[in-house]
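Numbering (full-length UniProt numbering), first residue to last: 1 to 203.
Even glycine gets a Cβ: it sits at the ideal position worked out from N, Cα and C.
Note that the coordinates shown come from a computational prediction; the quantities given were computed from them, not determined experimentally.
I have placed the structure first, in the form of structure tokens, so that the comments after it can refer back to it.
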Amino acid sequence: MWRIMFLLHFLGRQKFTLVAHDWGAVIGWHFITKHMDMIERYIMMDAPSQKIARKLFSTSKTQFKMSWYIFFYQMPWLPEFFVRMMDFHLFDVVFRQHGGPDVIEAFKYTFSKPNGMTYPINYYRQNFRFFTKRLMPPRPKTFAPGLYLIGEKDLYISKESGPLMQQEFDNLEFRVVPDVDHFLQQHKPEVVNQYMREFLSKS
Numbered sequence: 001m002w003r004i005m006f007l008l009h010f011l012g013r014q015k016f017t018l019v020a021h022d023w024g025a026v027i028g029w030h031f032i033t034k035h036m037d038m039i040e041r042y043i044m045m046d047a048p049s050q051k052i053a054r055k056l057f058s059t060s061k062t063q064f065k066m067s068w069y070i071f072f073y074q075m076p077w078l079p080e081f082f083v084r085m086m087d088f089h090l091f092d093v094v095f096r097q098h099g100g101p102d103v104i105e106a107f108k109y110t111f112s113k114p115n116g117m118t119y120p121i122n123y124y125r126q127n128f129r130f131f132t133k134r135l136m137p138p139r140p141k142t143f144a145p146g147l148y149l150i151g152e153k154d155l156y157i158s159k160e161s162g163p164l165m166q167q168e169f170d171n172l173e174f175r176v177v178p179d180v181d182h183f184l185q186q187h188k189p190e191v192v193n194q195y196m197r198e199f200l201s202k203s
């Protein structure tokens, strides 16, 4: 998070608008919880804060099932083997609606390099501790306006997280983007951009 603060200082800004998705949103929630005074507005997509994620893991059967891969990734070597099976067929399934064959082939080329899958999977392994209670920052006293977006067809994050996030973060708007999956900003960027513009145009 120090990189965000360094960039802000470099740009000569005291406040800014933060937009993030997935793991970026997990880090983003952590940042705004600790540094809400630096945030004008924020937009988080398809990932709740660590506190709400931890709560969902322990109370929601739906979210627990949707997060199976996170627990699977904690195992040594087997996740890498699984993802590489049948010429990275998993990429064909997950990214088929996001950029076409050329984009998928670019993903396969990148992650077929030595340790190409180990590094991103290690991100899940190392950051699993991020959800432990001892690392949770205290709740802010004041809240900047926020927008939390989830794709209607998201296979990884339960829509249960929305109302829970609104209980945790005052001044937070929650919207479900219709007919899109987890990668909503790639799936239907024009719709997501419109939601963002509507939110950012509010006084």
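Host beta strand (DSSP E) of residue 180 (start-end): Careful: residue 180 lies outside any beta strand (DSSP E) and carries neither H nor E.
Residue 106 - DSSP class collapsed to helix/strand/coil: helix
Decide yes or no for the touch test of the region 166-183 against the region 149-157: beta carbon pairs closer than 8 Å, at least 3 of them. yes
Per DSSP, what kind of secondary structure is residue 160 in: helix, strand or coil? coil
Using the DSSP secondary-structure output, state which residues sit across from residue 151 in a beta bridge. 177
Nearest to residue 172 (by Cα), restricted to the options 59, 148 and 191: 148
According to DSSP, is residue 66 helix, strand or coil? helix
Say whether the region 60-67 touches the region 75-85, bearing in mind that this needs 3 or more beta-carbon pairs closer than 8 Å, one atom from each stretch. no
For residue 15, the nearest candidate out of 75, 175, 6 and 122 (CA to CA): 6
Residue 26, buried or exposed, once every other Cβ within 10 Å from all chains shown has been counted against 16: buried
Coil, strand or helix - residue 16 by DSSP: strand
Mind checking which residues open and close the beta strand (DSSP E) that includes residue 44? 39-45
By Cβ distance, which residues of its chain are closer than 7 Å to residue 178, with the 5 residues on each side in sequence left out? 152
Closest by CA to residue 122, which one among 48, 50, 77 and 43? 77
Cβ pair count under 8 Å reaching 3, the region 93-110 against the region 38-55: no
List the residues that DSSP assigns as beta-bridge partners of residue 146. 42 and 172
Could you spell out where the alpha helix (DSSP H) holding residue 57 opens and where it closes? 50-59
Where residue 98 sits in the DSSP three-state scheme: coil
Measuring alpha carbon to alpha carbon, tell me which of 1, 10 and 11 ends up nearest residue 23. 1
Span of the alpha helix (DSSP H) around residue 30: 23-34
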